[in-house]
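Notes follow once the structure below has been shown.
Protein chains: 2
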Amino acid sequence: MKFCSQCGNTVTLSQIPGDTVRRFYCAHCETVHYQNPKIIVGCLAEKDGKILLCKRAIEPRIGKWGIPAGYLENGETIEEGAVRETFEESNGVVAGLKLQSIYNLPHVNQVYIYFTAKLVSWDFTPNSETSEAALFSPDEIPWDELAFTSNKFALEKFLSDEKSENDNVFVGTYDLNHRQF
Amino acid sequence: MKFCSQCGNTVTLSQIPGDTVRRFYCAHCETVHYQNPKIIVGCLAEKDGKILLCKRAIEPRIGKWGIPAGYLENGETIEEGAVRETFEESNGVVAGLKLQSIYNLPHVNQVYIYFTAKLVSWDFTPNSETSEAALFSPDEIPWDELAFTSNKFALEKFLSDEKSENDNVFVGTYDLNHRQF
């Protein structure tokens, strides 16, 4: 950030009195420009014991498989965002959402929130975000071809949870240089 | 948003090809300025069957009681943010965090994430954010003096969950004009 989005003057990274971290600050109009993590929402959409995954048609990780998910938009609930993203990426209509996992990626300022859901209908045609979509049984999950560590975390927990017949919500963090909470 | 934070030229609210909503866009440097919901994290800190609440020394809702919570910062996990906010507002040190609830406020682009936690130590002195802090037993909760609906939601669920001896995670949404998911 170099310029104030309110008045167009230059901003500086400044220590605001009473604040704990430095912020981009405009001395001209006195606006503090906060920057905070973003939420990514998606669905582990299940049908007949199989899970819907989408092959990415866009960077990053083009050609890799992922749980349909994307950035939560202003004005949305996390459930609404997860339903929308699943539809946008796969044409899949889901229902019966249940919170399944939260995964921290603090080094890229992201928090993933996944739901389990029932895949009600599904009429996939390739689109700008997804080149291919398919239902995978637990022993067919393409573990080495997953796009993101959040996918691996959510799928592993989902499968272990199914086995134990529980209905847990899992919280995890990307292990950057063995970073642990 | 009026100016591009990258190059200082004016931005316009534009329909980007392939996107679903309009974005602030700089035609000069071609930057798309995404705006997304923010995460607020906090702790239902418990000690001897009582819950820690803080009386707000700042707007909004100055003088009202709230669960210690605040904006998640870049670089933090949700657990780290909840621990930090609890300490900043109350001087309380917490441990043993468990995800408790998520509360959507889509009309103000916020998602609250609360944890239950054990209050390990607590040495409160008034600070810039909090004028008073106290432990409340379930029948002492100042329901009519709570700062935010997310506080009410989390506390109600916490107390009902304790009664049922469950360890659930709750998801709720602020009911704006009977808005329901």
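Sequence order for the protein chains is G and B. With the working numbering applied, the first sequence has no gaps in its numbers, which climb one by one up to 184 at the end. With the working numbering applied, the second sequence has no gaps in its numbers, which climb one by one up to 184 at the end. Idealized CB from N, CA, C, for every residue including glycine.
Residue environment, residue i, which counts as buried when at least 16 other CB atoms sit within 10 Å
i, result
"Leu179(B)", "exposed"
"Ile61(B)", "exposed"
"Tyr115(G)", "buried"
"Pro145(B)", "exposed"
"Glu82(G)", "buried"
"Ser93(B)", "buried"
"Pro40(B)", "buried"
"Asn169(B)", "exposed"
"Ile65(B)", "exposed"
"Gln183(G)", "Because the pLDDT of Gln183(G) is 44, which lies under 50, any placement of that residue in the model is unreliable, and the question is left without a value."
"Glu128(G)", "Per the sequence shown, residue 128(G) should be read as Thr rather than Glu. Answer is exposed; the Cβ neighbour count stays below 16."
"Thr15(G)", "exposed"
"Cys32(B)", "exposed"
"Cys7(G)", "buried"
"Val86(B)", "buried"
Among the options, nearest to residue i - alpha-carbon criterion
i, options, result
"Pro63(G)", "Glu143(G), Glu165(G) and Glu132(G)", "Glu132(G)"
"Trp68(B)", "Ala48(B), Lys58(B) and Gly45(B)", "Lys58(B)"
"Glu135(B)", "Pro71(B), Phe161(B), Lys5(B) and Val24(B)", "Pro71(B)"
"Ile43(B)", "Gln18(B), Lys166(B), Thr89(B) and Glu33(B)", "Thr89(B)"
"Gln18(B)", "Ala120(B), Cys7(B) and Tyr37(B)", "Tyr37(B)"
"Pro109(G)", "Met4(G), Gly175(G), Arg25(G) and Cys29(G)", "Gly175(G)"
"Lys121(B)", "Lys101(B), Ser140(B) and Val111(B)", "Lys101(B)"
"Thr23(G)", "Arg26(B), Gly84(B) and Asp51(B)", "Gly84(B)"
"Asn12(B)", "Tyr28(B), Pro20(B) and Gly21(B)", "Tyr28(B)"
"Leu158(B)", "Thr128(B), Val123(B) and Gln103(B)", "Gln103(B)"
"Leu55(G)", "Thr152(G), Glu165(G), Asn169(G) and Leu138(G)", "Leu138(G)"
"Cys46(G)", "Lys166(G), Ser163(G), Asn169(G) and Ser153(G)", "Ser153(G)"
"Glu187(B)", "Val111(B), Leu75(B), Pro129(B) and Gly52(B)", "Nothing about residue 187(B) can be read from this structure; chain B reaches only from 4 to 184."
"Val96(B)", "Ile65(B), Thr80(B), Ser124(B) and Glu165(B)", "Ser124(B)"
"Tyr177(B)", "Leu75(B), Asn112(B) and Val86(B)", "Asn112(B)"
"Glu76(G)", "Asp126(B), Glu91(B), Asn107(B) and Lys50(B)", "Asn107(B)"
"Asp126(G)", "Glu91(G), Lys5(G) and Asn171(G)", "Glu91(G)"
"Lys160(G)", "Phe151(G), Ala150(G), Leu149(G) and Phe173(G)", "Phe173(G)"
"Ala48(B)", "Gly99(B), Phe6(B) and Asn130(B)", "Gly99(B)"
"Asn130(G)", "Gly21(B), Met4(B), Leu16(B) and Lys5(B)", "Gly21(B)"
"Ala150(G)", "Asn171(G), Gly73(G), Ser140(G) and Lys5(G)", "Gly73(G)"
"Lys50(B)", "Ile105(B), Arg26(B) and Thr119(B)", "Thr119(B)"
"Ile78(G)", "Arg25(B), Val86(B), Ser163(B) and Lys155(B)", "Checking the displayed sequence, the identity of residue 78(G) turns out to be Gly instead of Ile. When each option's Cα is compared against that of Gly78(G), the closest is Arg25(B)."
"Val5(G)", "Gln9(B), Thr80(B) and Ile105(B)", "Looking at the sequence shown, residue 5(G) is not Val but Lys. Taking only the C-alpha atoms, the option nearest Lys5(G) is Gln9(B)."
"Pro141(G)", "Leu162(G), Val35(G) and Lys155(G)", "Leu162(G)"
"Leu117(B)", "Lys155(B), Lys166(B) and Ser167(B)", "According to the sequence displayed, residue 117(B) carries Tyr and not Leu. Nearest option by C-alpha distance: Lys155(B)."
"Asn171(G)", "Glu148(G), Asp147(G) and Ile105(G)", "Ile105(G)"
Element boundaries [alpha helix (DSSP H), containing residue i]
i, result
"Ile81(G)", "Ile81 to Ser93"
Start-to-end residues for the beta strand (DSSP E) that takes in residue i
i, result
"Glu49(B)", "Lys41 to Lys50"
"Ile3(G)", "Because chain G here runs from 4 to 184, residue 3(G) falls outside it and cannot be looked at."
"Phe173(G)", "Phe173 to Thr176"
"Thr15(B)", "Thr15 to Ser17"
"Arg26(B)", "Arg26 to Tyr28"
"Tyr74(G)", "Ala72 to Tyr74"
- Item | Residues of the segment 95-120 of chain G with Cβ closer than 8 Å to any Cβ of chain B, in chain order | Under the 8 Å Cβ criterion, the segment 95-120 of chain G contributes Leu102, Ile105, Asn107, Pro109, His110, Asn112, Val114 and Ile116.
- Completely contained beta strand (DSSP E) runs for the segment 115-162 of chain G, where each covers 3 or more residues: Secondary structure remark: continuous beta strand (DSSP E) runs of at least 3 residues inside the segment 115-162 of chain G, in chain order: 133-139.
- Query: Using a beta-carbon distance cut-off of less than 7 Å, what residues from the segment 166-180 of chain G approach chain B?
  - Reply: The residues in question are Val172, Val174 and Thr176.
- Interface positions of the segment 38-65 of chain B facing chain G (Cβ-Cβ less than 8 Å), listed along the chain: Result list: Gln38, Asn39, Pro40, Lys41 and Ile42.
- Going along the chain, which residues of the segment 128-162 of chain B sit with their C-beta nearer than 7 Å to a C-beta in chain G? Answer set for the segment 128-162 of chain B: Ser131.
- Task: Note down, in chain order, all residues in the segment 5-18 of chain G with a beta-carbon under 9 Å from any beta-carbon belonging to chain B.
- Result: Per Cβ criterion, the list reads Lys5, Phe6, Cys7, Ser8, Gln9, Cys10, Gly11, Asn12, Thr13 and Val14.
- Item | Interface residues of the segment 77-89 of chain G facing chain B [CB-CB below 7 Å] | Asn77, Gly78, Glu79, Thr80, Ile81, Glu82 and Glu83
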